[in-house]
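J.: Got a structure here, written out as C-alpha cells. Questions coming.
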Amino acid sequence: MVDSVYRVTELIGTSSQSWEAAAKSLRDLRVAEVVEQDMTIENGKITSYRVKLNVSFKYVPEAGPTRKATRRK
944 MVDSVYRVTE LIGTSSQSWE AAAKSLRDLR VAEVVEQDMT IENGKITSYR VKLNVSFKYV
1004 PEAGPTRKAT RRK
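When we follow the numbering used here, the leftmost residue of the sequence shown carries the number 944, and every step to the right adds one.
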C-alpha cells in the first residue's frame, strides 16, 4: 500500500514589479518548482512579470463512509 499521495498543480502568479513578487502573490505554498518565467514588454519597457510554478501538496482523504463501487452493465 502507498504511504502518501501527492498532487502536483500548476499555478501562475503575475506582478508589475518583479518575478519574485509574482511568485509571492501565491500564498501559503510549501513546495514549489519554478517551471517558467516570462515578461510582457510594451514600448520597450517591461510592464509585467509572470512565474509559472508546479506546487505539490499531500492528499489526505476524508475520514468518512466509504463508497460502494457500482458496476456498469
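The beta carbon of each residue, even a glycine, is placed where N, CA and C say it ideally should be. All values derive from a computational prediction rather than experimental measurement.
1) Looking at the unbroken beta strand (DSSP E) that takes in Gly-956, where does it start and where does it end?
2) Thr-952 to Ser-991, Cα distance in whole Å?
3) With distance defined between alpha-carbon atoms, name the residue in Asp-981, Gln-980, Glu-985 and Val-974 nearest to Ser-999.
4) Please classify Gly-1038: is it buried, with 16 or more other beta-carbons within 10 angstroms of its beta-carbon, or exposed?
5) If you count every other CB in all the chains shown that lies within 10 Å of the CB of Val-994, and 16 or more means buried, which is it?
T.: Once the coordinates are examined:
1) 948-958 is the span of the beta strand (DSSP E), which, as asked, contains Gly-956.
2) Each residue's Cα considered, the two are about 23 Å apart.
3) Nearest C-alpha to Ser-999: Val-974.
4) What the structure shows of the chain is the stretch from 944 to 1016, and residue 1038 is not part of that stretch, so it cannot be assessed.
5) Val-994 is classed as buried because its beta carbon has at least 16 other beta carbons within 10 Å across all chains shown.
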